[in-house]
Ligand code: DCP
Ligand code: MG
Ligand code: MG
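Residue numbers (this note's numbering): 1091 to 1449.
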């Protein structure tokens, strides 16, 4: 845990809007360890089963050290000896999550953003925020016997970043006065909303750290990412929250497409579709979005292509519900060998208290 440093700019009269991002550590695995103490200290992973196959949802740090990461296929993960694999018990994790977030409501204005994380908005100074974070951590440990990490900063995106540095089981503060200096050496992939795709594009331009962004031609960046994404990126790089000004501005859709290593039948692509749904639903979660329409697009071996969509009557960013829809859609595809497979979510909106009920 990093020490709270009462810096020169500290002044008891400070009264800022501050954000605490509480994120549970290796949440699903931690829930399992909580009810089976014999798992403590051992490498453990929780998976979601898809027929005979499956994918890793999360793993604890012991298992991460051995290369077990979320999104990995179960078959690949199983090739690592000594790891304990547990089939996901969503009811238990959601029940635990509900209990934690009902409890957190008592600490300030709460904005839950996913099953295991939420912002707490407070007014005050960084010292007060730090003390509150310590008390939250201690309470969650005592009441729920679960570890969490807390990031503290002056806006949501910086609190989220601070939480990355707090992990595991810590508290980390980024003050506005330190933000510029701090951000310089941060990897661009750690910025809020910068996913794998954007990171790849940035790396190809020689941008790895935030400071690299300021040494490339902004028009080059705009040509690669578009005007909006590049202006967001520059705001993030300066420690500002671009989302705050664009509450209503949301993408029309998000999608991903994969060329298969070899042409496959539709029965053989479910595991790949699952990973794609999982990846996209993480993107929804990071951007605080929910969706109600799923599209599956196949390019067949003869280069013919087909697109099938279905809309739910509710919004969600739960990979499980979205995968159920995707699975039905895959079923509707032609019985031809598939060369490329795409998944997209559209009809997006910001997550609200109401849409969370379906989560
Ligand atoms: N999860 C999910 N769907 C996703 C992404 C994650 O169901 N698209 C699950 C698995 C995690 C839990 O949600 O246990 C919380 O996600 P986090 O990203 O916070 O990951 P962890 O809590 O597992 O690990 P960390 O300690 O890095 O926060
Ligand atoms: Mg977590
Ligand atoms: Mg989380």
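No residue lacks a Cβ here, since even glycine has one placed at the ideal position from N, Cα and C. Bear in mind the structure is a predicted one, so any value in this text is a computation, not a measurement.
| query | DSSP state of residue 1529, grouped into three classes? | reply | With the chain running from 1091 to 1449 in the structure shown, residue 1529 is simply not present.
| task | Please report the residue range of the alpha helix (DSSP H) in which residue 1154 lies. | result | Note, residue 1154: alpha helix (DSSP H), 1151 to 1155.
| query | Quick one: does the C-beta of residue 1115 sit closer than 7 Å to a heavy atom of ligand 3? | reply | Every heavy atom of ligand 3 is 7 Å or more from the Cβ of residue 1115, so no.
| query | Which word fits residue 1125, buried or exposed, when buried means at least 16 other C-beta atoms lie within 10 angstroms of its C-beta? | reply | Only exposed fits residue 1125, as fewer than 16 other CB atoms lie within 10 angstroms of its CB.
| What's the call for residue 1152, buried or exposed, on a 16-neighbour Cβ count within 10 Å? | Counting the other Cβ atoms within 10 Å of the Cβ of residue 1152 gives 16 or more, which makes it buried.
| query | Secondary structure at residue 1387, three-state DSSP: helix, strand or coil? | reply | Residue 1387 falls in the strand class under three-state DSSP.
| said: Quick test of the definition: if touching needs 3 or more C-beta pairs under 8 Å, does the stretch 1137 to 1150 touch the stretch 1238 to 1255? | reply: The stretch 1137 to 1150, when compared against the stretch 1238 to 1255, does not touch it at the 8 Å Cβ threshold.
| request: Measure the alpha-carbon distance for residue 1191 versus residue 1159 and round it to whole angstroms. | output: Straight-line spacing of the CA atoms in residue 1191 and residue 1159 works out to 26 Å.
| request: Leaving aside the five residues before and after residue 1120 along the sequence, list all residues of the same chain whose C-beta is less than 8 Å from its C-beta, in chain order. | output: So the list reads 1114, 1150, 1236, 1237, once near-sequence residues are dropped.
| Can you give, in chain order, each stretch of the beta strand (DSSP E) that sits fully within the stretch 1230 to 1261 and has at least 3 residues? | Every beta strand (DSSP E) stretch that sits fully inside the stretch 1230 to 1261 and reaches 3 residues is listed by chain position as 1238 to 1243.
| Between the stretch 1404 to 1412 and the stretch 1360 to 1375, are three or more C-beta pairs nearer than 8 Å? | Inter-segment contact for the stretch 1404 to 1412 and the stretch 1360 to 1375 is present: three or more beta-carbon pairs are separated by less than 8 Å.
| request: Sort out for me which residues DSSP pairs residue 1406 with in a bridge. | output: Partner(s): 1381.
| message | Helix, strand or coil, according to DSSP, for residue 1106 in the structure here? | response | The DSSP-derived three-state label of residue 1106 is strand.
| task | Pull up the DSSP beta-bridge partners for residue 1207, would you. | result | DSSP, once it has assigned bridges, lists 1113, 1204 as partnering residue 1207.
| query | What is the C-beta distance between residue 1261 and residue 1223, in whole angstroms, given that I count them as a contact (C-beta under 8 Å)? | reply | About 5 Å; that satisfies the 8 Å criterion.
| task | Give the C-beta separation of residue 1320 and residue 1311 to the nearest angstrom, bearing in mind that I take them to be a contact with Cβ-Cβ under 8 Å. | result | So it is a contact: roughly 5 Å between Cβ atoms.
| Bridge partner(s) assigned by DSSP for residue 1174 | DSSP lists 1134 as partners of residue 1174.
| message | When you compare the CB positions of residue 1170 and residue 1161, do they come within less than 8 Å of one another, or not? | response | Cβ atoms of residue 1170 and residue 1161: not closer than 8 Å.
| said: Restricting to Cα atoms, I'd like to know which of 1418, 1440, 1163, 1225 is closest to residue 1196. | reply: Comparing alpha-carbon positions, the option among 1418, 1440, 1163, 1225 lying closest to residue 1196 turns out to be 1225.
| Coarse secondary structure for residue 1351, derived from DSSP in three states | Looking at residue 1351 - three-state DSSP - the assignment turns out to be strand.
| said: Using a Cβ-based criterion (distance less than 7 Å to any ligand heavy atom), does residue 1345 qualify as near ligand 1? | reply: Checking every heavy atom of ligand 1 against the Cβ of residue 1345, none is found closer than 7 Å.
| field | Cα-Cα separation between residue 1122 and residue 1230, rounded to whole angstroms | value | Rounded to the nearest whole angstrom, the C-alpha separation of residue 1122 and residue 1230 is 16 Å.
| Rounded Cβ spacing between residue 1390 and residue 1427 (contact assumed at less than 8 Å) | The beta-carbon distance between residue 1390 and residue 1427, rounded to whole angstroms, is 6 Å. This is short enough to meet the 8 Å contact definition.
| request: Identify which residue in 1272, 1329, 1345, 1202 has its Cα closest to the Cα of residue 1378. | output: Looking at 1272, 1329, 1345, 1202, the one whose alpha-carbon comes closest to that of residue 1378 is 1202.
| message | In the DSSP output, which residue or residues are listed as bridge partners for residue 1309? | response | According to DSSP, which records beta bridges pairwise, residue 1309 is partnered with nothing at all.
| Helix or strand or just coil, what does DSSP make of residue 1129? | Residue state, collapsed to three classes: helix.
| Counting Cβ pairs, one atom from each stretch, are 3 or more of them under 8 Å apart for the stretch 1429 to 1442 and the stretch 1344 to 1356? | Between the stretch 1429 to 1442 and the stretch 1344 to 1356, the count of Cβ pairs shorter than 8 Å is three or higher; the stretches touch.
| query | With respect to 7 Å, is the separation between the Cβ of residue 1267 and the closest non-hydrogen atom of ligand 3 below this value? | reply | Not one heavy atom of ligand 3 falls within 7 Å of the beta-carbon of residue 1267.
| By DSSP, does residue 1221 sit in helix, in strand, or in coil? | Correct three-state label for residue 1221: helix.
| request: Verify the contact flag: residue 1235, CB atom, against every heavy atom of ligand 2, threshold strictly below 7 Å. | output: Checking every heavy atom of ligand 2 against the Cβ of residue 1235, none is found closer than 7 Å.
| query | By a C-beta neighbour count over all protein chains shown, 10 Å radius and 16 as the cutoff for buried, is residue 1127 buried or exposed? | reply | The C-beta of residue 1127 has fewer than 16 other C-beta atoms within 10 Å across all chains shown, which makes the residue exposed.
| request: Please report how far the alpha carbon of residue 1304 lies from the alpha carbon of residue 1274, in whole angstroms. | output: Their backbone Cα atoms lie some 10 Å apart in a straight line.
| said: Relative to the C-alpha of residue 1291, which candidate in 1316, 1268, 1301 has its C-alpha closest? | reply: Closest option to residue 1291, Cα to Cα, is 1316.
| So is the beta-carbon of residue 1408 under 7 Å away from any non-hydrogen atom of ligand 2? | At a cut-off of 7 Å, the beta-carbon of residue 1408 does not count as near ligand 2: no heavy atom of the ligand is closer than that.
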